[in-house]
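Numbering (our numbering), first residue to last: 4 to 384. The beta-carbon is built from N, C-alpha and C at its ideal position, and this holds for glycine as well. Small disclaimer: the values here were computed from a predicted structure and weren't measured.
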Amino acid sequence: MTTDTTRPPARGTALDDLPLREDLRGEHPYGAPQLHVPVVLNVNENPYPVAPEVVADIAGAVAAAASGLNRYPDREFLDLRADLAAFLRVESGAELTPEQVWAANGSNEVMLHVLQAFGGPGRTALSFAPTYSMYPEYARDTLTRWVTGRRADDFTLDVEHTRAQIAEHRPSVVLLASPNNPTGTALPLATIEAVLDAVDALPQRAVVVVDEAYGEFRRTGVPSALELLPRHGNLAVSRTMSKAFSLAGARVGYLAAAPALVDALRIVRLPYHLSAVTQAVARAALRHSTTLLSTVDELRRRRDETVEWLRGNGYRVADSDANFALFGTFADRHAVWQGLLERGVLIRETGPDGWLRVSIGTEQEMAAFRQALTEVDGEKK
Ligand SMILES: *Cc1c(COP(=O)(O)O)cnc(C)c1O
């Protein structure tokens, strides 16, 4: 063999030698550390595994779907959308048709669809910090300008500030997490209605997404934004099976909105984005929603106990309607996070400087957390 002298010299294999978009240079893939430690309380999962009778039904549904995997899945998945509508009717009293429900691989993909359809170059997405760290990524990936207003010191939203931000930035998408991550703060319906009124006053209305990923954990008497849907065609309420449902591994998120808004998402979704296996898993799980959600009350109680314990030990803790608590404040939060990790307890270093977030786990896991925190930060109290 002779050397091929017509071939150009080999180019480098580093990312710098590839035509990566300028705005992505230096960016890192998002994600909390996935570490193998005894007590994992960092990504707000439900700590309880799926119950055996539900596992059996899911396995049967997957087996039934498997023989049909030579075919593409149902692209419109109206059966699953009907099941999700039925679930929301029971959970929140919402009256929805299947055409008012959309689903994707996690609510992250659902919200990416929203930004793909309603964001884009020359457009703005607005949210209020501190909030979910994935929102700016949807904006970046869809070339949408990203703007944040701020939450008050107690992490609630000041209505006047919210109105002013909307009038100033004229967003086409407003993202409101309620209960908010990482603070746990739920928004009163009056605040969401004020946002809807403010965007209705814009020349070009915005779509308002209320991200209720933790909605099932809200305290008694805290309403869902689903109540506002009948009166607002530009409102989308996003939910997920990743948290309360104990199904983070299945990757199923969904939203409820007016049929026209859902139709816009159907334009930008990839064909067959929701696999036949995912659809089968979700539908089997929804047949057991009562069983899957039976741990929610226990987790809410433990959340309230955890907040109380932290406050009793001298910490500041944000009011929480979710399955986690944001607490602080620490001069060196990283040292506390590290100290807990060395004791086998993984929590999340997130939120405003000085604060840490702990997900609500099992009784034993929370005991391990309290013990580790007392050891690491013993000078308190
Ligand atoms: C966890 C979480 C989600 C859910 O993400 P999935 O993609 O459905 O797993 C959505 N929004 C917020 C604020 C979250 O914390």
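query	result
Grab me the residues of A54's own chain with a C-beta within less than 6 Å of its C-beta, minus the 5 sequence neighbours each way, in chain order.	T294
So, A197 versus T165, is the Cβ gap smaller than 8 Å?	yes
Assuming F372 is part of the alpha helix (DSSP H), what are its boundary residues?	366-379
Whose C-alpha, out of L23, Y75, N111, is nearest the C-alpha of E215?	N111
Out of curiosity, what's the CA-to-CA distance linking L81 and A279?	12 Å
Collect the residues with a C-beta less than 5 Å away from any heavy atom of ligand 1 and give them in sequence order along the chain.	G109, S110, N111, Y135, A180, N184, D214, A216, T243, S245, G256
Identify which residue in N184, P185, L146, L199 has its Cα closest to the Cα of Q168.	L199
With three or more beta-carbon pairs closer than 8 Å as the criterion, would you say the region 262-270 touches the region 359-370?	no
Cα separation between T159 and P274?	39 Å
Within a Cβ cutoff of 6 Å, which residues of the same chain sit near N108, ignoring the five residues on either side of it in sequence?	R254
Under a Cβ-count criterion, where at least 16 other Cβ atoms within 10 Å of its own Cβ denotes burial, should H337 be classed as buried or exposed?	exposed
If you follow the alpha helix (DSSP H) that Y141 is in, where does it begin and where does it stop?	138-144
State buried or exposed for H31, treating a residue as buried only when at least 16 other CB atoms are found within 10 Å of its CB.	exposed
Taking R290 and D60 to be in contact with their CB atoms under 8 Å, please state how far apart those CB atoms are, rounded to whole angstroms.	7 Å
Using the Cα positions of A13 and D20, report the straight-line distance between them to the nearest angstrom.	11 Å
Please give the ranges of any beta strand (DSSP E) in the region 174-236, keeping only runs that are unbroken, at least 3 residues long and fully inside the region.	176-180, 210-214
Beta-carbon separation of V40 and L349 under 8 Å?	yes
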